[in-house]
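**Student:**
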Amino acid sequence: MKMIYLDHAATTATDPEVLEAMLPYFHEHYGNPSSIYSMSRVSKNAIENAREIVANALGANPKEIVFTSSGSECDNFAIKGVALAKQQKGNHIITSSIEHHAVLYTCKFLEKNGFTVTYLPIDQDGIVKLDELEKAITPQTILITVMHANNEIGTIQPIRQIGEIARKNGITFHTDAVQTFGHIPVNVDNLNVDILSISGHKFYGPKGVGALYIRKGIKITPLIHGGDQERRRRASTENVPGIIGLGKAVEIAGKVMKSEAIRQTKLRDEFIRAILDNIDDARLNGHPSLRLPNNVNISFEGIEGESILLNLDIERIAASTGSACSSSSLEPSHVLLSIGLTHEFAHGSVRFSLGKQTTKDELDYVVEALPGIVKKLRAMSPLYKK
Amino acid sequence: MKMIYLDHAATTATDPEVLEAMLPYFHEHYGNPSSIYSMSRVSKNAIENAREIVANALGANPKEIVFTSSGSECDNFAIKGVALAKQQKGNHIITSSIEHHAVLYTCKFLEKNGFTVTYLPIDQDGIVKLDELEKAITPQTILITVMHANNEIGTIQPIRQIGEIARKNGITFHTDAVQTFGHIPVNVDNLNVDILSISGHKFYGPKGVGALYIRKGIKITPLIHGGDQERRRRASTENVPGIIGLGKAVEIAGKVMKSEAIRQTKLRDEFIRAILDNIDDARLNGHPSLRLPNNVNISFEGIEGESILLNLDIERIAASTGSACSSSSLEPSHVLLSIGLTHEFAHGSVRFSLGKQTTKDELDYVVEALPGIVKKLRAMSPLYKK
Amino acid sequence: MEPYSEKVMDHFRNPRNVGEIENPDGVGHVGNPMCGDVMEMYIKVKDNVIVDAKFKTFGCGAAIATSSMATELVIGKTIDEARQITNKVVAEALDGLPPVKMHCSNLAEEALEAAIKDYHQKQKKN
Amino acid sequence: MEPYSEKVMDHFRNPRNVGEIENPDGVGHVGNPMCGDVMEMYIKVKDNVIVDAKFKTFGCGAAIATSSMATELVIGKTIDEARQITNKVVAEALDGLPPVKMHCSNLAEEALEAAIKDYHQKQKKN
Ligand SMILES: Cc1ncc(COP(=O)(O)O)c(C=O)c1O
Ligand SMILES: Cc1ncc(COP(=O)(O)O)c(C=O)c1O
Numbered sequence: 072m073k074m075i076y077l078d079h080a081a082t083t084a085t086d087p088e089v090l091e092a093m094l095p096y097f098h099e100h101y102g103n104p105s106s107i108y109s110m111s112r113v114s115k116n117a118i119e120n121a122r123e124i125v126a127n128a129l130g131a132n133p134k135e136i137v138f139t140s141s142g143s144e145c146d147n148f149a150i151k152g153v154a155l156a157k158q159q160k161g162n163h164i165i166t167s168s169i170e171h172h173a174v175l176y177t178c179k180f181l182e183k184n185g186f187t188v189t190y191l192p193i194d195q196d197g198i199v200k201l202d203e204l205e206k207a208i209t210p211q212t213i214l215i216t217v218m219h220a221n222n223e224i225g226t227i228q229p230i231r232q233i234g235e236i237a238r239k240n241g242i243t244f245h246t247d248a249v250q251t252f253g254h255i256p257v258n259v260d261n262l263n264v265d266i267l268s269i270s271g272h273k274f275y276g277p278k279g280v281g282a283l284y285i286r287k288g289i290k291i292t293p294l295i296h297g298g299d300q301e302r303r304r305r306a307s308t309e310n311v312p313g314i315i316g317l318g319k320a321v322e323i324a325g326k327v328m329k330s331e332a333i334r335q336t337k338l339r340d341e342f343i344r345a346i347l348d349n350i351d352d353a354r355l356n357g358h359p360s361l362r363l364p365n366n367v368n369i370s371f372e373g374i375e376g377e378s379i380l381l382n383l384d385i386e387r388i389a390a391s392t393g394s395a396c397s398s399s400s401l402e403p404s405h406v407l408l409s410i411g412l413t414h415e416f417a418h419g420s421v422r423f424s425l426g427k428q429t430t431k432d433e434l435d436y437v438v439e440a441l442p443g444i445v446k447k448l449r450a451m452s453p454l455y456k457k
Numbered sequence: 072m073k074m075i076y077l078d079h080a081a082t083t084a085t086d087p088e089v090l091e092a093m094l095p096y097f098h099e100h101y102g103n104p105s106s107i108y109s110m111s112r113v114s115k116n117a118i119e120n121a122r123e124i125v126a127n128a129l130g131a132n133p134k135e136i137v138f139t140s141s142g143s144e145c146d147n148f149a150i151k152g153v154a155l156a157k158q159q160k161g162n163h164i165i166t167s168s169i170e171h172h173a174v175l176y177t178c179k180f181l182e183k184n185g186f187t188v189t190y191l192p193i194d195q196d197g198i199v200k201l202d203e204l205e206k207a208i209t210p211q212t213i214l215i216t217v218m219h220a221n222n223e224i225g226t227i228q229p230i231r232q233i234g235e236i237a238r239k240n241g242i243t244f245h246t247d248a249v250q251t252f253g254h255i256p257v258n259v260d261n262l263n264v265d266i267l268s269i270s271g272h273k274f275y276g277p278k279g280v281g282a283l284y285i286r287k288g289i290k291i292t293p294l295i296h297g298g299d300q301e302r303r304r305r306a307s308t309e310n311v312p313g314i315i316g317l318g319k320a321v322e323i324a325g326k327v328m329k330s331e332a333i334r335q336t337k338l339r340d341e342f343i344r345a346i347l348d349n350i351d352d353a354r355l356n357g358h359p360s361l362r363l364p365n366n367v368n369i370s371f372e373g374i375e376g377e378s379i380l381l382n383l384d385i386e387r388i389a390a391s392t393g394s395a396c397s398s399s400s401l402e403p404s405h406v407l408l409s410i411g412l413t414h415e416f417a418h419g420s421v422r423f424s425l426g427k428q429t430t431k432d433e434l435d436y437v438v439e440a441l442p443g444i445v446k447k448l449r450a451m452s453p454l455y456k457k
Numbered sequence: 032m033e034p035y036s037e038k039v040m041d042h043f044r045n046p047r048n049v050g051e052i053e054n055p056d057g058v059g060h061v062g063n064p065m066c067g068d069v070m071e072m073y074i075k076v077k078d079n080v081i082v083d084a085k086f087k088t089f090g091c092g093a094a095i096a097t098s099s100m101a102t103e104l105v106i107g108k109t110i111d112e113a114r115q116i117t118n119k120v121v122a123e124a125l126d127g128l129p130p131v132k133m134h135c136s137n138l139a140e141e142a143l144e145a146a147i148k149d150y151h152q153k154q155k156k157n
Numbered sequence: 032m033e034p035y036s037e038k039v040m041d042h043f044r045n046p047r048n049v050g051e052i053e054n055p056d057g058v059g060h061v062g063n064p065m066c067g068d069v070m071e072m073y074i075k076v077k078d079n080v081i082v083d084a085k086f087k088t089f090g091c092g093a094a095i096a097t098s099s100m101a102t103e104l105v106i107g108k109t110i111d112e113a114r115q116i117t118n119k120v121v122a123e124a125l126d127g128l129p130p131v132k133m134h135c136s137n138l139a140e141e142a143l144e145a146a147i148k149d150y151h152q153k154q155k156k157n
């Protein structure tokens, strides 16, 4: 039996069409795009074409796009880059308490190096409190960074309003759009953002490539110094096949995003209802409607997440506890704690994230398998007494 | 007619065998290596296997290898990482005046942020003066970073001795081995290095992937904060196909490196002799024998490098002026100035770098084409009066 | 994370001795739901020999497998012999645990210790 | 770098008016080998009209092409008309230059200016 893959928020399979587009750039058009001879023009033109595709999708100018190696690099580049470039102006950064670790730990790092950071609280659905944001702003505030949608609970933030507040106060605004770009509309002008992070492998592009949108005029110090690539904002010989793949993935997303968002939202809501109908003492985490079309995050009372995942794996269902990168950690998710879950409940959460290939049949299969797993684990749990 | 590609120091074509090894990891084994379910084990095992291959090639432990996205990232990570981790101990860094821009501009960046940097002079062949190194060391010195071989003139540095001096003084030692690894033997213990940079696309691996060797016990602050990947030293969902490709390229290099080094050295020396025999007022830059097997760097009096390259390109020969990433710069190469060339002579330099596919016939063709090009350009040069 | 051994997965899939013992001679209760691990171990003792052991565990795969293995290891052992069952013994019996999961075997050792302590205290009272 | 236009490459491959003019009426010598560009422009003037122009250039592709184009543009022009040939005019005649190479067209304008200035000074002396 094939795996039922419900961890698209962790990573997606590279679309075969994307891989196809990349292939000529490995050993046919392999020229270094920065070289002067004519054979390099093919790779140079190809990455500029990809840049245009990404820019168009965002409503941006190609010159405002910098290719990077990942979502994490984008977040580090954005936050450290603005912090360094604007440190003469102030040393205060505002973020939310439910950011991805690439943002959170970058902020923690800056705290150790002379910056102060405000972590905004969120409501029980995972939405940043705008009044708290306004209160947090000081004359020292140089950067606001709030993610577009959360990777664990799927809640979509009021980015446009946050951007308005930032602009009104003359503060640079970054958003981590790694979970939204390619899945729901992301337009930098509609969202009032200055800097925006994208990661290829989250929407059927290749792993190891990302893009950072940097609005014209925004000051930012490079994270990777060296050669003149990317208009001197990110040194390194360009990852040509990766960039071409990213461009192709954006192109495909442009075509299918709308219909997929509708289809997945419907599947998602049916799936949530079926789980909650079939299993007692379970709850949905995140906002019921302001959420990613593909995100389902459920807590099960009295049992622990990893043991649920292992049992799902035995049934050939791939899911996660929220964030793949911290799966070796003993701490429960900071996101689930932030929305008010107890440690115990937070430990018992599972994220199912749907994708383009996900079918109703697959989800039905999960709905059938899940109650037995929960029952078995609860039977051996000292914490579940019902 | 096919292109005669003599710019392997800028980038190489990905070996078809390398691409072959990567292919299953795009949309077959695409699982996030950090995930818990069994399908992720394939990608996890594959990257650990690649890590072992890289470690073995270096004489290192797999735990000492961190995968990155490029040689430039490695250099930035190494230098900024040590500077930050050891800033309590001191703020002085020693490097050479002929480093790649990824090292040089990282040092310049640190100079703006409270560090002091000594740029060691080199002799006329491009070799760092060891007595100057010893003199430069102060109690504040926390890092020495000197490249293994220079990317423009190919000179190989006395890394082992530099490492000895560093160790004697308790100073962390980093070397940029981007031009040597995969081409000549690189063993971290023989070389006495603590940190070492590698880039995949310089030895027939894919673009967009590198590796940093970090000796056990060496303190280093991450450049990219976030998830727990790479033992918390470099966050980002792993570039699985890229890492597999890097591993494969190292494996292949292990088999052919020795014979290729001999073959290319012979071709190189014949090529140098033929050029100097056929063209007056030309000189070889870099050390005559302590040089990369594939590097040929020649200055032609009275004419300018780019116009030579363009004429070579018309003859379907791809070469470079030294460093692809600064080809849009008006400054002559800092490396050529450092070895004592006049600005004018430095402007008239061309680097030919050989590769696995390079044949004697190709080089003979260049030897035939070059005198005419030089003659034509000299005829229109106001600086060549002979 | 490194994958679990086959032994761990076997004990996770089919945990031995799940449940509670009515009127146990000793109970150990260790761990903390905040940390994601809670273990309860029940023992029945006759003539200084552990004749039965059961467990209930809230926790990850390793926590469940180590609980299961620990109960298997103690059944039939004298109290003194059971005391020799350290976290290392349990982990080795499972063909090892991933480094990040070693604390789970500590938990099993502690639960056993606590159950034996409880047994001794009950003995004193009687 | 952005690639050169076809026009640039045409003038680079087949530069027009390469060389020196014996007994020129004006010579302009601009640029600096340190910066990688040196341009010499020679003009022959008859009845206030530039009847011939030649150049010698040490420099990149753009430097050579702009020199060549500048000589083509001035031949047949009066001195006053030649003065109108700015760097922009030269660059446009070449269908544009990559941004990093725009300084080369400045050089061509300067060389022409210098040659005209030299011509005027020689006139005064006579
Ligand atoms: C010596 C040296 N260091 C660093 C680099 C940077 O490597 P990458 O282009 O992979 O970032 C290069 C090549 O570009 C190099 O030759
Ligand atoms: C919201 C968010 N930000 C950043 C990242 C990091 O992206 P990457 O793994 O490409 O570095 C992820 C996913 O891992 C994410 O979900």
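So the sequence lines, in the order shown, correspond to chains A, B, C and D. Letter by letter, the first sequence follows residues 72 to 457 in the working numbering. Letter by letter, the second sequence follows residues 72 to 457 in the working numbering. Letter by letter, the third sequence follows residues 32 to 157 in the working numbering. Letter by letter, the fourth sequence follows residues 32 to 157 in the working numbering. Heads up, the beta-carbon is just placed ideally off N, CA and C, and yes, glycines get one too.
Can you confirm whether V82(C), when its beta carbon is compared against all beta carbons of chain A, has any partner nearer than 8 Å?
**Tutor:** For V82(C), the answer is no, since every Cβ of chain A falls outside 8 Å of its Cβ.
**Student:** P133(A) versus chain B: which residues are under 9 Å apart at the beta carbon?
**Tutor:** Those do not exist, as P133(A) stays about 17 Å from chain B at its closest Cβ, beyond 9 Å.
**Student:** Helix, strand or coil, according to DSSP, for R362(A) in the structure here?
**Tutor:** R362(A): strand per DSSP, three-state reduction.
**Student:** Could you tell me whether the stretch 161-169 of chain B touches the stretch 340-352 of chain B, using the rule of 3 or more Cβ pairs below 8 Å?
**Tutor:** In short, these stretches do not touch, since the Cβ pair count stays below three.
**Student:** Buried or exposed: where does S397(A) fall if 16 or more other Cβ atoms within 10 Å of its Cβ makes it buried?
**Tutor:** Reliability of the predicted coordinates at S397(A) is poor, the pLDDT of 43 falling under 50, and no value is obtained from them.
**Student:** Are there any heavy atoms of ligand 2 lying less than 7 Å away from the beta-carbon of H254(A), as far as the coordinates show?
**Tutor:** For ligand 2, not one heavy atom lies less than 7 Å from the Cβ of H254(A).
**Student:** Confirm the yes/no value for this check: CB of S330(A), any heavy atom of ligand 1, distance under 7 Å.
**Tutor:** Every heavy atom of ligand 1 is 7 Å or more from the Cβ of S330(A), so no.
**Student:** Is there a C-beta anywhere in chain A that falls below 8 Å from the one on F371(B)?
**Tutor:** It does not; no Cβ of chain A falls within 8 Å.
**Student:** Using 7 Å as the cut-off, classify the Cβ of T177(A) as near or not near the heavy atoms of ligand 4, replying yes or no.
**Tutor:** The model on display carries ligand 1 and ligand 2 but not ligand 4.
**Student:** Please check the pair S424(B) and N366(B), which I expect to be a contact at CB under 8 Å, by giving their CB distance rounded to whole angstroms.
**Tutor:** Contact flag correct, Cβ pair sits at about 6 Å.
**Student:** Strictly below 7 Å CB to CB, what residues from chain B border I106(D)?
**Tutor:** Chain B residues near I106(D): none, gap ~17 Å exceeds 7 Å.
**Student:** G130(A): which of I410(A), I285(A), S378(A) and R354(A) sits nearest, CA to CA?
**Tutor:** Out of I410(A), I285(A), S378(A) and R354(A), I285(A) has the C-alpha closest to the C-alpha of G130(A).
**Student:** Can we count D78(B) as close to ligand 1, meaning its CB is less than 7 Å from some heavy atom?
**Tutor:** D78(B): no, Cβ never under 7 Å from ligand 1.
**Student:** Using a 10 Å radius around the Cβ and a threshold of 16 neighbouring Cβ atoms, would you call L407(A) buried or exposed?
**Tutor:** Burial call: buried.
**Student:** Candidates A156(A), I124(A), G316(A) and A81(A): which alpha carbon is nearest N221(A)'s?
**Tutor:** That would be A81(A), whose Cα lies nearest to the Cα of N221(A).
**Student:** I'd like to confirm something about N222(A): is its beta-carbon nearer than 7 Å to some heavy atom of ligand 2, or not?
**Tutor:** True, at least one ligand heavy atom lies under 7 Å from that Cβ.
**Student:** Could you check whether the stretch 134-154 of chain B touches the stretch 273-285 of chain B, counting it as contact only if at least three pairs of C-beta atoms, one from each stretch, sit closer than 8 Å?
**Tutor:** Flag = yes, the stretch 134-154 of chain B and the stretch 273-285 of chain B touch.
**Student:** If you drop the 5 nearest sequence neighbours on each side, which residues of the same chain put their C-beta closer than 6 Å to that of E37(C)?
**Tutor:** Cβ within range, chain order: n/a, list empty.
**Student:** From N236(A) to Q228(A), what distance separates their C-alpha atoms?
**Tutor:** A small correction: the amino acid at residue 236(A) is Ile; Asn does not occupy that position in the sequence shown. Cα to Cα, the separation comes out at about 14 Å.
**Student:** Under a three-way DSSP split, which group does T209(A) fall into?
**Tutor:** The answer is coil: DSSP assigns T209(A) none of H, G, I, E or B.
**Student:** Quick one: which chain D residues come within Cβ less than 7 Å of L469(B)?
**Tutor:** Since the first and last residues shown for chain B are 72 and 457, residue 469(B) lies out of range.
**Student:** Confirm the yes/no value for this check: CB of D299(B), any heavy atom of ligand 2, distance under 7 Å.
**Tutor:** It does not: the Cβ of D299(B) is nowhere closer than 7 Å to a heavy atom of ligand 2.
**Student:** What three-state label does DSSP hand N263(B) in the structure shown?
**Tutor:** If DSSP states are grouped into helix, strand and coil, N263(B) belongs with coil.
**Student:** Compare the C-alpha of K73(A) against each of S109(B), T85(B), L77(B) and E91(B) and name the closest.
**Tutor:** Checked all of S109(B), T85(B), L77(B) and E91(B); the closest Cα to K73(A) is S109(B).
**Student:** On the three-state DSSP scale, how would you describe A395(A)?
**Tutor:** For A395(A), the predicted structure reports a pLDDT of 43, less than 50, and the residue's modelled location is therefore unreliable. The matter cannot be settled from this model.
**Student:** Restricting to Cα atoms, I'd like to know which of T308(B), L294(B), G373(B) and E415(B) is closest to Y176(A).
**Tutor:** Taking only the C-alpha atoms, the option nearest Y176(A) is L294(B).
**Student:** As a quick exercise: from V113(A), G271(A), T246(A) and Q158(A), pick the residue whose alpha carbon is nearest that of V259(A).
**Tutor:** Per the Cα distances, T246(A).
**Student:** Select from the stretch 433-452 of chain A all residues with a C-beta closer than 8 Å to any C-beta belonging to chain C, and list them in chain order.
**Tutor:** The residues in question are A450, M451 and S452.
**Student:** For E115(A), does the count of other Cβ atoms within 10 angstroms reach 16, so buried, or fall short, so exposed?
**Tutor:** Checking the displayed sequence, the identity of residue 115(A) turns out to be Lys instead of Glu. So K115(A) ends up on the buried side.
**Student:** Taking DSSP as the reference, what is the three-state secondary structure of D83(C)?
**Tutor:** Strand at D83(C).
**Student:** Under 8 Å, Cβ to Cβ, is there at least one residue of chain D near P403(B)?
**Tutor:** Yes, its Cβ sits closer than 8 Å to a Cβ of chain D.
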